[in-house]
Every structure is written in structure tokens, then in C-alpha cells.
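Have a look at the structure below before the remarks.
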Amino acid sequence: MRTIAIINAKGGCGKTTIATSLAAALAWEGHSVALADMDPQQSTNDWLKHRPDSYPALLGVAAESGARPAAETDTLIIDTPAGLAGNELEQIIKRAQTVLVPVMPSPVDMRAAWRFLSHLQEIRAVRSGDTVVGLVANRVRPQTIIYRQLTGFLEGFRVPVVGQLRDSMNYVRAFEKGLAVADLPPYLAFHDWEEWETVLAWIRSKKSQGKGASPSSLLSAAMQRLTGG
Ligand SMILES: Nc1ncnc2c1ncn2[C@@H]1O[C@H](COP(=O)(O)OP(=O)(O)O)[C@@H](O)[C@H]1O
Ligand SMILES: [Mg+2]
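Our numbering applies: residue 2 is where the sequence shown begins, and numbers increase by one.
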């Protein structure tokens, strides 16, 4: 099973928004996606409860089950609380092949991200390449000075920037209804879809899957290449 964790010690940077958006986008691609909400605030689980039946279904993961998703799940997305550190952080990193770290273009967020990324790079699974970390610039307004500073800042890391998402009310409005930008019609969200396509391309690529990727997923990737599928 592919496991993708959305992590940043800082609150409010877009973890829940990205976890739910990614889950919906992958469900539209036909994946059987489960969402595990580790945050006591339970925003992702609340969102799931509001999700209308007429959109691609997502499975929840009951906390009592020890965060074990249903057997049919092929992709598990883990939303995490702010302040995640120590052993708890390491356990989640170890469990995931891929970690997405949302970073917002604000001085406070950039400083916090600097500390958090330095810390992440010391974790054994990240150092060994078993878990791959990618940054997502979130709530981007490209014409701003702070955005230029963010891009310069992000390039200072050995961690790839795998996409950027604009600041858009689409995220806010969709979320209220249990939806994500992937569920919105193209005339509203075409630009957001395009931005997500960049993130999804990285998620699909082998380089985001780490050495911890299960043999079956590597095998199916190899099969797809051989058969041109
Ligand atoms: N790209 C975006 N455009 C507009 N609003 C956003 C975007 N990403 C997040 N937000 C808003 O920012 C707030 C915090 O986002 P959230 O995903 O809850 O962060 P976290 O889970 O890291 O605390 C929410 O109100 C959310 O709707
Ligand atoms: Mg959250």
C-alpha cells in the first residue's frame, strides 16, 4: 500500500487542505484511497463526514483500529497535527514512502519550515532514502516579493519543491461542502487542477516512492513501463 503523510510542525500551513485535496484527486483517478486523521481537531474526519455520496468515495480510518485502513485500500493518506515531533514523528515518517511538507510564503512559516526540514533530514528513514520528502508551496501569490523570497528559500534545501498551489477561495468553499478542488467543475477550478497535476506527476513517479516502496508497486510500475501502460 502506498502511504503518503502530510506533515509540518507548524499549524495552518495547509496540511488538511492538501491531505483532502490529494485524496480526492487520487480517488478521481480510480484509486481506493483511505484518509487517516491523526489530528485531535479531526478536521479531515469532519470533512469526510460531509462528503456527498455522488463524488468518488474515500474511506476513513477509525482511530481505534490503530490507523489500519480497510483491505481494499491501495493508497493511505495521513493527515497529521501541528507540533508533531519525537518518536511519534519518526513512526509516521517510517511508515510513509512519501512525505509532503506544505510551506506558506510568510516569514514566520519559512522560519518554522527551516527548523522543521533540518530536523526531518536527521531522521534515519529520510537519510537512508526509504522515505522521500517533497515540499509544496501553498497559498502562493506569484506576483509578491515574499513569493520570490520563498522560492529562493526553498531552493536552499536538498528537498525538491514538487508543486505550488495558489491562494484560492476554491479550497475554502470546496472544503465546507466535503469537496476538494478535484471535485469542482473545470470552469471554476481548471487552474487548480493544473497545479495539482504537477504534484500528482511527482506522486506517480518512482522518485517519490523511496526505497521503502513495496516490491509490488515497483513491479507494477515496471510492468506499466514495459507494456507502455
Ligand atoms: N491554497 C489555499 N488557498 C486558500 N486557502 C487555503 C489554502 N490552503 C489552506 N487554506 C486555508 O488556510 C487555513 C488553514 O489550512 P489547513 O489545511 O487547515 O492547515 P493545517 O491543517 O496545516 O492546520 C484553512 O482555513 C484553509 O481553508
Ligand atoms: Mg489540519
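A virtual CB, placed ideally from N, CA and C, is assigned to each residue, including glycine.
In this text the structure is predicted, and so the values were computed from the model without any measurement.
Annotation for VAL109: the continuous alpha helix (DSSP H) segment containing it runs 108–121. Taking the C-beta atoms as reference points, GLY211 is found nearer than 9 Å to THR132.
Taking the C-beta atoms as reference points, THR21 is found no nearer than 9 Å to ALA97. As a beta-bridge residue in DSSP terms, VAL102 pairs with LEU136. If you draw a straight line from the Cα of ASP47 to the Cα of PRO53, it comes to about 12 Å. According to the DSSP assignment, ALA24 belongs to the alpha helix (DSSP H) that extends over 16–29. Residue pairing by DSSP leaves VAL163 without any beta bridge partner. In the same chain as GLY130, and ignoring 5 residues on each side of it, the C-beta atoms closer than 8 Å to its own belong to GLY211 and LYS212, in chain order. Within the chosen limit of 8 Å, ligand 1 does not reach the beta carbon of ALA190 with any heavy atom.
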